[in-house]
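Undergrad: Handing you this structure, nothing more for now.
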Amino acid sequence: MRRRLPVLLSLVLAAIAALTLTATAGAAVVTKTISYGPFTIPAGAGDPHDHHSMGEVPNRQIDNIAKPCTNCSIVGARPALVYADGSSANLDTGPMLHHAVFSAKGKGKADATCGGAERFFASGNERTPLDVSGLPYGYGVGKADSWSLLIELMNWATEAKTVSMQVTWTYATGTDATSRKPIRPTWHGSDVCGLAEFAAPFGFSDTHFDSTAPLSGAVISTIGHVHDHGVSVETTNETRGTSICTSTAATGETPGYVTPDGRRHVSSLTQCTADPVARVARGDLLQVHATYNVPAGHHAVEDAMGIMILYVNPS
Ligand SMILES: [Cu+2]
C-alpha cells in the first residue's frame, strides 16, 4: 500500500504527452498519448532466455489511471514500452512487457466472459494495437468510469531498467462518438478467467480450449496472443462449423525483438478487422486452437498462453 501513492502521483505528472486534432465533416478524432508509470524493473541475471532469472515487477494493479477522455468512444489503442527519453524499451536491451491489461468499471461495464471489471484492452510484448477507427464502432467511456491497469514487467539485463507503459489512444468525441455502435470485448482461450497459462508440449502441438460465446452480435476486431514458440492462435465456431480468425505470429521483425544471443522473439500477431469478421450467437461453442512448436532440448514451456479477444458489437 505504501508504494501506491507515489505511483499515482507520478501517473498524474506523467500523463499527457501529445494531443492532436483532426477535424473531418463535423466529426473529431483525437489522438492522445498517455504514459503510465514509471516502473523500475530490478536487474536480472543476464540470460535473455531464462524467465526465472529475470528481474520482475510482478502483477501490479494500479487503480484510477488516467483516461484519455470521458463521454467518448475509443477507436484505437497503440501500446508501447519506453525509456524516459521516449525510445523503445524491448528485449534487445533487457525489458519485456509481460502483460498490461486495461479494465473499466462503471455503468454497463462488466467483463462478458468472467464478470468483474471489463478488460477492454491488453498487450503482451508484441504490442498489438486495436484499430477500428475506419469502422462505425468504438469502445464507450462513460463520465464516471474508472480504469485500472494490471501490469507485469521483466528484465534480463544485469542492471535495473526504468520504463513507462505508454498507450496512444485514438478516440471520437461529440456526434462522432454517439453515432458509433459499441463494441465489447469477449475473452477466449487458455484459462482466461485465471492466470491464462497452460503447458505447451514439445514438438508441434495444437491445444484446444472451449468456451461459450457470452454475447450475440458481430465480431468487429480481434487481438490474439501467444508466447515465444507460439505459431498461431485460431478461434473457431464449432456450432456453426466456421473459423472466426487466425492470428499468426511473426518473430524478430525489428532489432528490438532480437536478443544478443541471436534469438528472435514474438514481434507481432496478425489480426482480423472487418464489418463483420463473423457473427456469433450467445451460447455458440467457440474453440481456441493454440499451436506451438517447442524444439526438442528446450526447457519445458510451462507458461504458454493461447488467447484471443473478440470485440463484439452486441445485437
Ligand atoms: Cu502472455
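In mature numbering (1 follows the signal peptide of the UniProt record, and there is no 0), the protein residues as written are -27 to -1, 1 to 288. Glycine is no exception: its CB is placed at the ideal position from the N, C-alpha and C atoms.
Report the rounded CA-to-CA distance for V231 versus H202, giving the unit in angstroms.
TA: 14 Å
Undergrad: H181 and H262: beta carbons closer than 8 Å?
TA: yes
Undergrad: Closest by CA to T66, which one among I217, I280, V206 and Y56?
TA: In terms of CA proximity to T66, Y56 leads the group I217, I280, V206 and Y56.
Undergrad: Hey, could you find the ends of the beta strand (DSSP E) D276 is sitting in?
TA: V274 to A277
Undergrad: Mapping the DSSP letters down to three states, classify S152 as helix, strand or coil.
TA: In the structure shown, S152 falls within a coil segment according to DSSP collapsed to helix, strand and coil.
Undergrad: Going by DSSP, which residues form a beta bridge with R237?
TA: According to DSSP, residue pairing for R237 in a beta bridge involves V231.
Undergrad: Please confirm whether G113 and P155 have their CB atoms less than 8 Å apart.
TA: yes
Undergrad: Would you identify the three-state DSSP class for G190, choosing helix, strand or coil?
TA: Residue state for G190 is assigned as strand, using DSSP reduced to three classes.
Undergrad: Mind checking whether S119 and N37 have CB atoms under 8 Å apart?
TA: A contact, by the Cβ cut-off of 8 Å.
Undergrad: Please list, in chain order, all residues with a C-beta atom less than 6 Å from at least one heavy atom of ligand 1.
TA: H72, G97, H198, H200 and M278
Undergrad: Whole angstroms is fine: what's the gap from T13's alpha carbon to G28's?
TA: 10 Å
Undergrad: At what residue ranges does the segment 188 to 227 contain a whole run of the beta strand (DSSP E), taking only runs of 3 or more?
TA: The segment 188 to 227 contains these whole beta strand (DSSP E) runs: 190 to 199, 203 to 210 and 215 to 224.
Undergrad: Examine the Cβ distances between the segment 212 to 221 and the segment 43 to 51 and report whether three or more of them are shorter than 8 Å.
TA: The segment 212 to 221, when compared against the segment 43 to 51, does not touch it at the 8 Å Cβ threshold.
Undergrad: Checking 8 Å against the spacing of the C-beta atoms, do M278 and A130 come in under that value?
TA: no
Undergrad: Is it buried or exposed for S288, if we count other Cβ within 10 angstroms and need 16 for buried?
TA: Exposed, because fewer than 16 other Cβ atoms sit within 10 Å of the Cβ of S288.
Undergrad: Are the segment 232 to 244 and the segment 253 to 260 touching by the rule of at least three beta carbon pairs closer than 8 Å?
TA: With fewer than three CB-CB distances shorter than 8 Å, the segment 232 to 244 does not count as touching the segment 253 to 260.
Undergrad: Would you decide whether S96 is buried or exposed? Buried here means 16 or more other CB atoms lie within 10 Å of its CB.
TA: Per the 10 Å Cβ criterion, buried.
Undergrad: Answer yes or no: does any C-beta atom of chain B fall closer than 8 Å to that of D257?
TA: Although the question refers to chain B, the structure presented lacks it and comprises just one protein chain.
Undergrad: Extract the residue ranges of the beta strand (DSSP E) inside the segment 101 to 125, only unbroken runs of 3 or more that lie entirely within it.
TA: 110 to 114
Undergrad: I'd like the list of long-range same chain contacts for T141, defined as Cβ closer than 7 Å, with 5 residues on each side in sequence excluded.
TA: Excluding sequence positions up to five before and after T141, its CB lies within less than 7 Å of the CB of T4, T6 and R51, all in the same chain and listed in chain order.
Undergrad: On the DSSP letters alone, give me the boundaries of the beta strand (DSSP E) that E29 sits inside.
TA: G28 to D36
Undergrad: Can you have a look at G167 and say buried or exposed, based on whether 16 or more other CB atoms are within 10 angstroms of its CB?
TA: exposed
Undergrad: Measuring only from the beta carbon, is H72 closer than 7 Å to any heavy atom that is part of ligand 3?
TA: This structure simply doesn't include ligand 3; it includes ligand 1 instead.
Undergrad: Does the separation of the CB atoms of V206 and E125 fall below 8 Å?
TA: no
Undergrad: Among N63, G270, Y9 and V2, whose alpha-carbon lies nearest the alpha-carbon of Q139?
TA: Ranking N63, G270, Y9 and V2 by CA distance to the CA of Q139 puts Y9 first.
Undergrad: DSSP has C45 in a bridge; who is on the other side?
TA: The partner list for C45 (beta bridge, DSSP) reads V114.
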